[in-house]
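Residues 32 to 422, numbered by the numbering used here, are exactly what the sequence shown covers, in order.
Yeah, the Cβ is synthetic: ideal placement off N, Cα and C, and Gly gets one too.
This structure is a prediction, so every number in the text was calculated from the model and none was measured.
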Amino acid sequence: MSIVRLGEVCDFQGGSQPPKSEHIYEKKEGYVRFVQIRDFESDNYKTYVPISKRNKLCEREDILIARYGASVGKILNGLEGAYNVALIKTIPDTKRLNKRYLYYYLNTKTIQTFIQVRAKRSAQEGIDPKELKKQFIYLPSLEEQKKIVTVLDKAQALIEKKKEVIVKLDELVQSVFLSMFGDPIKNEKGWEQTSLSNIGEITGGLQVTPKRSIHPIEVPYLRVANVFRDFLNLSEIKFIKVTQKEFERTKLATGDILIVEGHGNQNEIGRSAVWDGSIQMCVHQNHLIKFRANKKLVNSVFVSAVLNSSSGRRQLLRYSNTTSGLNTISTSTVKKVVVYLPPLELQNEFEFIIAKVKAEKKQMEQSLSRMGNNFQSILQRAFIGELLINK
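Here's what the structure looks like:
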C-alpha cells in the first residue's frame, strides 16, 4: 500500500472540436460518434465526425471527466468515439491503477469538491488536468483495488435498483392516467372538450426589477427553477417586494397550477405543477403563469397532468414564440389550450391514486438519499485505507 500523487499513475488528455461543417447525423463508414456530455443522458442527438488523426478517441471503458459548464466534474463512461473539448479522458497506468478504482476515486466527495472549487476559479478553462495530477490517491495492490471495486459495485447496484423503482413509479402515473382517461390527442373515450379559459382563471406574474425595493410588502415568490413537470423544488426560495394590489393578484392558493412561461429549452415550455400551499403568502414571478381551476368543473391535479401530457405539450409548443433564444408562451396562449373533461368524480379518483403513488415515491427518494449518504461514507473510507475487506 502507498499514497501517491495521481499524476504518477494517471495521465489526462483533452478532447477535440471538429468544425460543424464535418458533422453528420447518420452513421456512415469512415465516421465515428462525436461524444458530448449530453450523449451520456440521451441518444436523441447522435452526431458523427470523420475519423481523423486530429480527433481524440475514447473507448467504452475509458473514464471521462466533464471539464466545464453545468456538468463540470461529472465522471462518465460507456460511450466510444471522438470526444469533444468539454471532456477530458483519463489514461491510467493499468499495471498500477484499476480503471474502476479510478472511477470511484474521482467520484469521492474530496475530489468532487476540489473540482467544483477549481472550476469556479477558472470558469472559462474549467478543470486543469495539471491540478488533478497533484492530488493524492491511496494506492493498494491491484488485487486489493479489485476487491474494493467489487464492494463499491455492489453498493452502487443497489442504488441503481432503487432509482429504477422510482422511474417505474413515474411510469405508473402515466399508465394510470391513460387507463382512466385515454390518450388526450385521440380522445377515444369521447369526453367533452373545452379551453382552459372556460374552466378557470389565468393570471400572469410579477416582473423582478430593482425598482421594487420601494414597495412595502416583502413576500416569498416562485420562479421557473421551482416548477418542474408534476413536482415542485422548493429548496431555494427568493423574496420580492410588492404592493398590496400586486400581492392580491399574484398570491398563490393551494391547488393553483403553475405553468412555465419562458425557457431556453423548447421541451420545457409549459411544464406545470400544482401548488401545495407549503409556503405562506407566496406569489409568483412573470415567467410563471397561474391557472386557478373552477373546482366545480375540474380537478387541478388532472388538469396539470393533461398539460404535461403529449397533447398539452404539443399545443403549448405550437403557440410558443422564440426571441433571443428564449421560447415563450403567454396568458392568451394558455387560455386557448384545449383539454377534455371526464366526470369530476373520475378526476378526483385520479388525484387520490396519484397522491398514494407520490407518497410511496417520496419514501423511496428518502431511502435513496440515505443510501447515497452511506455510499459516500464507504467511498471515503475506501480511499483512506479504512475499508475492511475480507481476505
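Beta-bridge pairing by DSSP links H294 to N358. Going by DSSP, G104 is part of no alpha helix (DSSP H) at all; its letter is neither H nor E.
Our two residues, T225 and P215, have alpha carbons roughly 12 angstroms apart in a direct line. The three-state reading of DSSP puts F43 in strand, counting E and B together.
N75 sits in coil when the DSSP states are folded into three classes, being neither helix nor strand. For the pair N218 and F381, the Cα-to-Cα distance works out to about 17 angstroms. Closest in alpha carbon position to H318, among S303, E292, A304, is E292. Residue burial annotation: H315 is buried, with at least 16 other C-beta atoms found within 10 angstroms of its C-beta. The beta carbon of I197 is closer than 8 angstroms to those of K392, M395, E396, L399 in its chain, skipping five residues each way along the sequence. Between L128 and I68, the CB-CB gap reaches or exceeds 8 angstroms. By the criterion of a C-beta distance shorter than 6 angstroms, D287 is surrounded in its chain by W306, K321, R323, once the five residues flanking it on both sides are discounted.
Here the alpha carbon of D42 sits roughly 12 angstroms from the alpha carbon of Q166.
Within the model, the alpha-carbon separation for I245 versus Y99 is close to 39 angstroms. Closest in C-alpha terms to S363, from the list L357, P251, S355, S351, comes S351.
Ranked by how close their Cα comes to the Cα of N257, the residues K58, E267, L357, K282 have E267 in first place.
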